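Under my numbering, the first residue of the sequence shown carries the number 1, and numbering increases by one thereafter.
Note sheet for the following structure.
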Amino acid sequence: MAIPFGATWGTLIERCEDLPDEATLITPLASKRFRITDVQDQRIIIEDVDSGDSQPLQREQFEALAEHTREAVDGYELDRLPPKAEPYAAVLALHPRYVLDERENTLTELDEADESAVLDETPHLSMTASAGDEQDSEREEPEIDVYSDMLLLIDALEREDMSALESLETPMLVNLYTLLSDVQRNANDLRQDVTDVLLERVGHDRPVHGQYGSVQRTTRRNRSLKEDEEVLDAFAETGIDRDQLLGVDRSNVEEALNVVSVPESAVYDVSESEYVRKAEVDEERKETRLQGLKDRLAVSDDPEADVLRQKVERLEQEIEELTEFSPASSFETQSESD
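See below:
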């Protein structure tokens, strides 16, 4: 039996009231940040962090979203949300019965409320104001080699027509090759540093998701031949001609292992190393994030924002158009076929 929405609303109101004043929520598709400024009997008032605009979120719309979510077999697809309705999903996901999956872009109702869920572990919620604000308004140039190389590479790419490499002069091609090589090397060094930290946090049980993709822990098996005499001694009683193995060539050893029952560990030092590999890249999420950046730049009067806005517009010409939301003014206007 479905739980009456009145009970759901009461719990949601409590969760919103328990949030600290500096808590910031993030919309799941456009990545826009907002805060809850007031909680009333029939609505929740939110404020856009970047523009300062306020918006009331009505109880009846939450109820409609909850109903759509309950009817969805594999979760309510967030791209079906009407325009400007993303905050409803982000707020409803504060309820312990609802889960917002940023990887699948779905909102799902659990059979039972997850009372053990901790708010500050919710991916679309930041419990401190400094994290998001510092990221956008107090950016500092990181003192890492790859950052400088990338700036040089971006400048070179913006100045040349990369669609016709054959037309570029040789010195320019040399510059591009050098910068690409430096970026690759330094990026690999930085990626290894990030990997070392991720290995402490990522388990084997399932992938860990971020905004732009996911990673998972994988075991790589490494083998190296032991000293020649150890390998030869391992095959001494098997009938394999010693001369066949002289020099202990890996291919010869592999052929010998295929015909006799010498354990692999007798001729190889076997070790395992842990590493993190890229499991998925969410290109659509990257595109949507770019649109979110453009939206924030559009309301900024900062002269530097105009330069960034032009760069973003140029980037947008290089990617596919974003998936549009179904036009509607409220949840009730969605057709049954949706």
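For glycine and all other residues, C-beta sits at the position ideal for the given N, C-alpha and C.
It should be emphasised that the depicted structure is a prediction, and the values quoted were computed from it without experimental measurement.
**Prompt:** Since F235 and V262 are thought to touch, with beta carbons under 8 Å apart, how far apart are those beta carbons, to the nearest angstrom?
**Reply:** 6 Å
**Nearest residue (CA-CA) to L65, options D48, A85, C16 and S54** = A85
**Prompt:** Does DSSP put Q40 in a helix, a strand or coil?
**Reply:** coil
**Message:** At the level of alpha carbons, what is the spacing between N105 and E284?
**Reply:** 11 Å
**Asked** Rounded to a whole number of angstroms, what is the C-alpha to C-alpha distance between A7 and V202?
**Response** 37 Å
**Item:** P28 classed as buried or exposed, judged by whether at least 16 other C-beta atoms fall within 10 angstroms
**Value:** buried
**Message:** Rounded to the nearest angstrom, what separates D79 and A89 at their Cα positions?
**Reply:** 11 Å
**Prompt:** Cα-Cα, which of E67, H124, E71 and N188 is closest to P87?
**Reply:** H124
**Request:** Could you give the DSSP three-state label for V253: helix, strand or coil?
**Result:** helix
**Message:** Let's see if you can read the secondary structure: which residues bound the alpha helix (DSSP H) around S148?
**Reply:** D145 to R159
**Asked** With 16 as the cutoff for other CB atoms within 10 Å, does D149 come out buried or exposed?
**Response** buried
**Counted within 10 angstroms of its Cβ, other Cβ atoms place V174 as buried (16 or more) or exposed** = exposed
**Asked** CA-CA distance, S126 and M172?
**Response** 45 Å
**Asked** How is the alpha helix (DSSP H) around R185 delimited, first residue to last?
**Response** T170 to L198
**Item:** R191 to V183 span [Cα, whole Å]
**Value:** 12 Å
**Request:** Examine the Cβ distances between the segment 156 to 165 and the segment 39 to 58 and report whether three or more of them are shorter than 8 Å.
**Result:** no
**Request:** Enumerate in chain order the residues of its own chain whose CB-to-CB distance from R33 is below 6 Å, with the five nearest sequence positions on each side excluded.
**Result:** T24, I26, V49 and G132
**Asked** Taking C-beta to C-beta, are E274 and L199 nearer than 8 Å?
**Response** yes
**Item:** Continuous beta strand (DSSP E) stretch holding T108: start and end
**Value:** T106 to E109
**Message:** What does the alpha-carbon distance come out to for the pair A256 and R220?
**Reply:** 24 Å
**Request:** Closer than 6 Å by C-beta to E321: which residues in its own chain qualify, once you throw out the five before and the five after it? Chain order, please.
**Result:** Bear in mind that a pLDDT of 40 at E321, under 50, signals an unreliable position, so the model cannot answer this.
**Prompt:** Run through DSSP, which three-state label would R97 get?
**Reply:** coil
**Y268 - DSSP class collapsed to helix/strand/coil** = strand
**Start and end residues, alpha helix (DSSP H) containing G10** = F5 to D18
**Rounded Cβ spacing between L110 and G75 (contact assumed at less than 8 Å)** = Not confirmed; about 11 Å, so no contact.
**Prompt:** Which of the three DSSP states, helix, strand or coil, is assigned to V352?
**Reply:** One cannot answer for residue 352 here, as it falls past the ends of the chain, which runs 1 to 338.
**Message:** Using a 10 Å radius around the Cβ and a threshold of 16 neighbouring Cβ atoms, would you call A93 buried or exposed?
**Reply:** buried
**Prompt:** For V260, which of E237, E77 and Y268 has the nearest alpha-carbon?
**Reply:** E237
**Prompt:** To the nearest angstrom, how far is it from the Cα of F62 to the Cα of T37?
**Reply:** 17 Å
**Asked** Looking only at its own chain, which residues have a Cβ that is under 7 Å from the Cβ of V267, when we skip the five neighbours before and after it?
**Response** L225, K226, V231, A234 and V253
**Request:** Return the bridge partner residues of P56 from the DSSP annotation.
**Result:** I45
**Prompt:** Comparing alpha-carbon positions, which option in S271, A30 and T11 lies nearest P83?
**Reply:** A30
**Prompt:** For R33, does the three-state DSSP call read helix, strand or coil?
**Reply:** strand
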